[in-house]
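2 protein chains.
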Amino acid sequence: MDLQQFLPYRVAVLAEALSQCVGQVYRERFGLSRDEWRVLAALADGGSHRMVDIAARSTLEKMQVSRAAARMEAAGLLGKLPDPDDGRGWLLRLKPAGRALYAKLVPMVRSREAFLLEALTPEERAVLDRALTRLGQRAAQLLSQG
Amino acid sequence: MDLQQFLPYRVAVLAEALSQCVGQVYRERFGLSRDEWRVLAALADGGSHRMVDIAARSTLEKMQVSRAAARMEAAGLLGKLPDPDDGRGWLLRLKPAGRALYAKLVPMVRSREAFLLEALTPEERAVLDRALTRLGQRAAQLLSQG
DNA sequence: TATTGTTATACTCTATAACTATA
DNA sequence: TATAGTTATAGAGTATAACAATA
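Protein chains in written order, with my numbering: chain A, 2 to 147; chain B, 2 to 147.
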């Protein structure tokens, strides 16, 4: 068997490389961790969201969201409001500083993504899109079966 | 911007899922770490290889290879022979126990990979193959430029 | 001077679960 | 009993660089 041709390995190597590409922006230029960047992106619609929803939208654990949110609150990027519908919960919402950061950061990562995608034709992108989705579904199936 | 549609995020999530699928085999059933599994796979051709070559073939740091090899040597999976061509180096080589482990492990991860790929037509697989390669090249380009 | 492999160290991440307060 | 969020802790993984031996 050839490791170089093994799909999980290839995807892992690519993910690592893409993560570094994007990380050069959010980590090195803006001092955010990966989790903080995901929380920022998950709040991008400008709304207020419960932590558990942010977790679902960002593929993070509730604990990771809690910690990232605490750091971002301390940095003045977001605020925590009591959830009016549930006394246990909080709603997260970007503050102006968080929105400003987002507005600077997103065009930069977007243009990196665009550069990456220039490697593919529109048809290839469509296939890739489907492939990522379907492989994810199959992987979930395998994982649920053990 | 929609995190769910962002390519680096999608690839990261998929890589995580695929890594768990394969990890269920090499970690949970055979007690190997990811690095040890990669070293095992990189020695799969039955030959003797320098650590620096294993590192290149497995996308690991020389330090990770050194540590993984030390653990695998202690476990009797591989042996270290002095490199006849370079007094500084060692050649790694699977021992019978390592080859036996490999022979049991590979069919299992192979069948998982095959199950995953059933989600795609042969044409889609070919496109995915090209896409992974080209995206990796572009990412390397971005990283080298900063 | 550069390279192979080893070791040290500090740091980050991850996983698990205990814990509180509400539902 | 179950859920939202917080906190604690231990273990794993990562990054950096110093180091000895050899090229």
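Glycine residues also receive a C-beta, built at the ideal position from the N, C-alpha and C atoms.
For residue i, the three-state DSSP class (helix, strand or coil)
i	result
A:Arg-28	helix
A:Gly-90	coil
B:Pro-1	With chain B covering only 2 through 147, there is no way to say anything about residue 1 of chain B.
B:Ala-123	The identity of residue 123 of chain B in the sequence shown is Pro, whereas the question assumes Ala. B:Pro-123: helix per DSSP, three-state reduction.
A:Glu-62	coil
B:Met-1	This structure leaves residue 1 of chain B out entirely; chain B is present only between 2 and 147.
A:Asp-130	helix
A:Gly-147	coil
A:Asp-36	helix
A:Leu-44	coil
B:Phe-116	helix
B:Pro-85	coil
Residue from the options with nearest C-alpha to residue i
i	options	result
A:Met-2	B:Arg-100, B:Leu-129 and B:Thr-134	B:Arg-100
B:Thr-60	B:Gly-137, B:Arg-131 and B:Trp-91	B:Gly-137
B:Pro-83	B:Arg-51, B:Ala-56, B:Glu-114 and B:Thr-134	B:Arg-51
B:Ala-70	B:Gln-142, B:Pro-85, B:Leu-33 and B:Asp-46	B:Leu-33
B:Glu-62	B:Gly-47, B:Val-14, B:Ala-45 and B:Val-40	B:Val-40
B:Gln-142	A:Thr-134, A:Glu-124, A:Arg-126 and A:Glu-119	A:Glu-119
A:Ala-75	A:Asp-87, A:Leu-95 and A:Asp-86	A:Leu-95
B:Asp-36	B:Asp-46, B:Met-64 and B:Ser-49	B:Met-64
B:Leu-44	B:Gly-88, B:Pro-97, B:Arg-131 and B:Gln-5	B:Pro-97
B:Ile-55	A:Ala-115, A:Ala-42, A:Leu-4 and A:Gln-146	A:Leu-4
B:Ala-79	B:Arg-68, B:Asp-87 and B:Arg-89	What sits at residue 79 of chain B in the sequence shown is Leu, not Ala. The option with the nearest alpha carbon to B:Leu-79 is B:Arg-68.
A:Trp-91	A:Gln-25, A:Gly-147 and A:Val-66	A:Val-66
B:Ser-49	B:Ala-115, B:Arg-135 and B:Leu-93	B:Leu-93
A:Val-14	B:Glu-114, B:Arg-58, B:Gly-47 and B:Asp-46	B:Arg-58
B:Cys-47	B:Ala-104, B:Arg-72, B:Asp-87 and B:Glu-29	Checking the sequence, you will find Gly at residue 47 of chain B rather than Cys. Residue B:Ala-104 is the option with its Cα nearest to B:Gly-47.
Residues that residue i bridges to, as DSSP identifies them
i	result
A:Gly-80	A:Arg-94
A:Arg-51	A:Leu-92
Beta-carbon proximity of residue i to residue j, cut-off 8 angstroms
i	j	result
B:Phe-31	B:Leu-102	yes
A:Val-53	A:Val-110	no
A:Leu-117	A:Tyr-27	no
B:Val-12	A:Ala-16	yes
A:Leu-19	B:Pro-9	yes
A:Glu-125	B:Ala-132	yes
B:Gly-147	A:Gln-25	yes
B:Leu-129	A:Leu-129	yes
A:Arg-135	B:Leu-121	yes
Contact test: residue i Cβ vs the ligand SAH heavy atom, cutoff 7 angstroms
i	result
A:Glu-125	As far as ligands go, the structure on display features none, and thus does not contain the ligand SAH.
Next item on the list: Please list the residues of the region 48-81 of chain B that have a C-beta atom closer than 7 angstroms to any C-beta atom in chain A, keeping them in chain order.
Entry: Listed in sequence order: Arg-58, Ser-59 and Thr-60.
Item checked: Interface positions of the region 111-126 of chain B facing chain A (Cβ-Cβ less than 9 angstroms), listed along the chain -> Contact annotation: in the region 111-126 of chain B, residues whose CB is within less than 9 angstroms of a CB in chain A are Arg-111, Arg-113, Glu-114, Phe-116, Leu-117, Leu-118, Glu-119, Ala-120, Leu-121, Glu-124, Glu-125 and Arg-126.
Check: Using a Cβ cut-off of 7 angstroms, which residues of the region 8-28 of chain A contact any Cβ in chain B, in chain order?
Finding: Considering only beta carbons, the part of the region 8-28 of chain A lying closer than 7 angstroms to chain B consists of Leu-8, Pro-9, Arg-11, Val-12, Ala-13, Val-14, Leu-15, Ala-16, Ala-18, Leu-19, Ser-20, Gln-21, Cys-22, Val-23 and Gln-25, in chain order.
Note to self: If the cut-off is 8 angstroms on Cβ atoms, which residues from the region 83-111 of chain B count as contacting chain A, listed in chain order?
What the structure shows: Under the 8 angstroms Cβ criterion, the region 83-111 of chain B contributes Val-107, Val-110 and Arg-111.
Item checked: Residues of the region 32-43 of chain A with Cβ closer than 9 angstroms to any Cβ of chain B, in chain order -> Residues Arg-35, Arg-39, Ala-42 and Ala-43.
Next item on the list: Anything in the region 133-145 of chain B with a Cβ closer than 9 angstroms to a Cβ of chain A? List those residues in chain order, please.
Entry: Those would be Leu-133, Thr-134, Arg-135, Leu-136, Gly-137, Gln-138, Arg-139, Ala-140, Ala-141, Gln-142, Leu-143 and Leu-144, in chain order.
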